[in-house]
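What follows is one structure encoded as structure tokens, with my remarks underneath.
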Amino acid sequence: MGTVEQIVIARRTGVCYGVREAIDKAKSARAEGKRTHTLGHVVHNEGLIADLRERGIENAETLDDVHEGAAVVIRAHGVTPEVLERAGARGLEVIDGTCTWVTQEHRELQRLVDDGYDIVLLGTPHHPEVVGLLGFAPDAILVDEEEDWVKIPRRKRMALITQSTQPPWKFERLAAFMVSRCHELKVVNTVCPVTIRRQEDTLETARNVDLMIVVGGTRSANTRELTRLCEINGTPVLQIESPRELTESTDFKQAKRVGVTGGTSTPIEDLAAVVERVALLAGVGPVHAAASEVARMALAEAATPQYRTTSLPVGSAQ
Ligand code: SF4
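Per the numbering used here, the sequence shown runs over residues 3 to 320.
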């Protein structure tokens, strides 16, 4: 018999608006009958990727893989100006799914370049968003972990900007570090508010449960940050990519209350599936017996329409 009496989903989880918009744009283009490619996967979630594939939306790793005359959807991470130029030169229909927040980062970065600042970018090397950002500021100094920071030179006028999903605490520490590196420091805070809210809600949930389950890609930085926050709070945590990873042998640590949260590419429906799985595997009698109802209730309490996977009307492209 299991021990779990209550399972909750953190508020404001599900696919973020930037990812959702890119998904919707790809679905809409396909529904209009266009041959549609995405330039790289628009979302790091196997269920959503399979859904797009079934709709006939093809993934292209590079522009060279996009067929003549096709529509190509730029994902939320954005791309370099050079990629957009090449797509235009090939006569492709570009559907820009760059998240509005990332577009704002591009503008801010361009302004810093124009104003002549020596720019430091906090970001994960090779991450698609960072690759796109560096297209606007090729001379920016890219730093990630604290060990990197010593390579920041001393300059008169410096500016600091960040990849959207970096943890706020790291950005603040780097800003403090850079004060001693220059005479004038301009700090442009581009940490995405969705990421911040998600971290706050995850922490709030973690404080009230005995075990947290974080759902998201193992390579997803924002997912790993959620796991790290749970650990800092002292709440036992399991990080998984899919409900299938929860099995009879999973150690639920005798938890009575379990919290579920997810990264910005994880649909809220996946979190409900995790709730159901936990209820089946570790729920006390009534919770086990009503697993799907427990999942439905947890979803109803957490999900608001803005956090659904798609914003398109039912029947058109869902
Ligand atoms: S995490 Fe924020 S910046 Fe990144 S795609 Fe989502 S909403 Fe946009």
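We treat Cβ as the ideally placed atom computed from N, Cα and C, and that holds for glycine.
If distances are taken between C-alpha atoms only, which option among 124, 165, 133, 163 comes closest to residue 145? Along the sequence shown, one-based indexing puts residue 145 at 143. Taking only the C-alpha atoms, the option nearest residue 145 is 124.
Complete alpha helix (DSSP H) runs within the region 71–158 (minimum length 4 residues, chain order): 83–91, 102–116, 130–136
Verify whether the separation of the beta carbon atoms of residue 28 and residue 44 is less than 8 Å. As a first step, residue 28 is located in the sequence shown; it is residue number 26 there, counting from the start. As a first step, residue 44 is located in the sequence shown; it is residue number 42 there, counting from the start. Going by C-beta atoms, residue 28 is nearer than 8 Å to residue 44.
Bridge partners - residue 181, DSSP secondary structure assignment: Locating residue 181 in the sequence shown gives position 179, counting from the first residue. Its beta-bridge partners do not exist; DSSP assigns none.
With burial defined as no fewer than 16 other Cβ atoms inside 10 Å of the residue's Cβ, what is the status of residue 191: buried or exposed? Residue numbering aside, residue 191 sits at position 189 when the sequence shown is read from its first letter. With fewer than 16 other Cβ atoms within 10 Å, it is exposed.
Per DSSP, residue 188 is paired with what? Locating residue 188 in the sequence shown gives position 186, counting from the first residue. In the DSSP output, where bridge partners are listed per residue, residue 188 has 161.
Looking at the unbroken beta strand (DSSP E) that takes in residue 69, where does it start and where does it end? Start at 1 with the first residue of the sequence shown, and residue 69 comes out as number 67. No beta strand (DSSP E) contains residue 69, which DSSP labels as neither H nor E.
Cut-off 6 Å between Cβ atoms - residues of its own chain near residue 169, not counting five sequence neighbours on either side: As a working mapping, residue 169 is identified with position 167 in the sequence shown. Closer than 6 Å at Cβ, skipping near neighbours: 227.
Between residue 46 and residue 267, what straight-line distance do the alpha-carbon atoms span, to the nearest angstrom? Counting from one through the sequence shown, the residue named residue 46 turns up at place 44. Counting from one through the sequence shown, the residue named residue 267 turns up at place 265. Each residue's alpha carbon lies about 6 Å from the other.
DSSP state of residue 207 mapped onto helix, strand, coil: As a first step, residue 207 must be located in the sequence shown, where it is residue number 205. It is helical.
Excluding the 5 residues flanking residue 316 on each side, which residues of the same chain have their C-beta closer than 8 Å to its C-beta? Stepping through the sequence shown from its first residue, residue 316 is reached at position 314. Reliability fails at residue 316, whose pLDDT of 44 lies under 50, so the model's placement of it is uncertain and no value is given.
For residue 21, is the beta carbon positioned less than 7 Å from some heavy atom of the ligand SF4? To locate residue 21, count along the sequence shown from 1; it is residue 19. The answer is yes for residue 21.
Between 219, 251, 215, 221, which lies nearest to residue 238 when the distance is taken from Cα to Cα? As a working mapping, residue 238 is identified with position 236 in the sequence shown. Comparing Cα-Cα distances from residue 238 to each of 219, 251, 215, 221, the minimum goes to 215.
Given this structure, state the Cα-to-Cα distance separating residue 302 from residue 219, to the nearest angstrom. As a first step, residue 302 must be located in the sequence shown, where it is residue number 300. As a first step, residue 219 must be located in the sequence shown, where it is residue number 217. Cα to Cα, residue 302 sits roughly 24 Å from residue 219.
Return the Cβ separation of residue 111 and residue 139 in integer angstroms, given the expectation that the two are a contact with Cβ distance under 8 Å. Indexing the sequence shown from 1 puts residue 111 at position 109. Indexing the sequence shown from 1 puts residue 139 at position 137. Indeed they touch by this definition, with Cβ atoms about 5 Å apart.
Extract the residue ranges of the beta strand (DSSP E) inside the region 240–299, only unbroken runs of 3 or more that lie entirely within it. 259–264
Quick one: what's residue 41 bridged to in DSSP? The sequence position of residue 41 within the sequence shown is 39, counting from 1. Paired residue(s): 62.
When you compare only the Cα positions, how much space is there between residue 274 and residue 253? Here residue 274 is taken as the residue at index 272 of the sequence shown, counted from 1. Here residue 253 is taken as the residue at index 251 of the sequence shown, counted from 1. The alpha-carbon atoms of residue 274 and residue 253 are separated by roughly 20 Å.
Once you ignore the five residues that flank residue 165 on each side, which residues in its own chain have a CB closer than 6 Å to its CB? Walking along the sequence shown from the start, residue 165 turns up at place 163. Only 125, 131, 132 meet the Cβ criterion.
Close Cβ partners of residue 280 (< 8 Å) along its chain, the five nearest in sequence each way excluded: As a position in the sequence shown, residue 280 is number 278, starting the count at 1. The answer, listed in chain order, is 6, 9, 215, 248, 254, 260, 262.
Using the C-alpha atoms, what's the distance from residue 53 back to residue 31? Counted from its first residue, the sequence shown places residue 31 at position 29. Counted from its first residue, the sequence shown places residue 53 at position 51. Near 15 Å, if we compare the C-alpha coordinates of residue 53 and residue 31.
Decide if residue 201 is buried, meaning its Cβ has at least 16 other Cβ atoms within 10 Å, or exposed. In the sequence shown, counting from the first residue as 1, residue 201 sits at position 199. Buried, by the Cβ-count rule.
Can the beta-carbon of residue 107 be found less than 8 Å from the beta-carbon of residue 135? Here residue 107 refers to the residue found at position 105 of the sequence shown. Here residue 135 refers to the residue found at position 133 of the sequence shown. Cβ atoms of residue 107 and residue 135: closer than 8 Å.
Which two residues bound the contiguous alpha helix (DSSP H) that contains residue 21? Against the sequence shown, residue 21 aligns to sequence position 19. It spans 19–33 - the alpha helix (DSSP H) in which residue 21 sits, taken as one unbroken run.
7 Å Cβ shell around residue 103 - same chain, five flanking residues per side excluded: What you label residue 103 is simply residue 101 of the sequence shown in a count that begins at 1. Hits under 7 Å: 20, 166, 194.
If I'm right that residue 180 touches residue 119 with Cβ under 8 Å, what's the distance once you round it to whole angstroms? For the purposes of this step, residue 180 is identified with residue 178 of the sequence shown, where counting begins at 1. For the purposes of this step, residue 119 is identified with residue 117 of the sequence shown, where counting begins at 1. That pair is no contact at about 12 Å.
Return helix, strand or coil for residue 193, following the three-state DSSP convention. For this step, residue 193 is matched to residue 191 along the sequence shown. Reduced to three states, the DSSP call for residue 193 is coil.
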